[in-house]
Amino acid sequence: MLSTQANRNHLITSIQNIETKTKLVSFTPEEWNEKYNLLS
């Protein structure tokens, strides 16, 4: 994740968004499982 400057910048931006609660997407565990079912 930290292998390139672009990845570092993206990670920092993501952390800042979480800290300031901007650009957040909410979802339920069920919605996550439907979209990202890794067991299938």
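Counting from 1, one number per residue, gives the positions in the sequence shown under UniProt numbering. Every residue gets a Cβ at the ideal spot worked out from N, C-alpha and C, and that includes glycine.
Residue 6 and residue 12 have their C-alpha atoms some 10 Å from each other. Annotated three-state conformation of residue 24 is coil, per DSSP. Per DSSP, residue 37 lies in no alpha helix (DSSP H) and is assigned neither H nor E.
C-alpha of residue 37 to C-alpha of residue 20: approximately 29 Å in a straight line. Here residue 13 carries a helix assignment [DSSP, helix/strand/coil].
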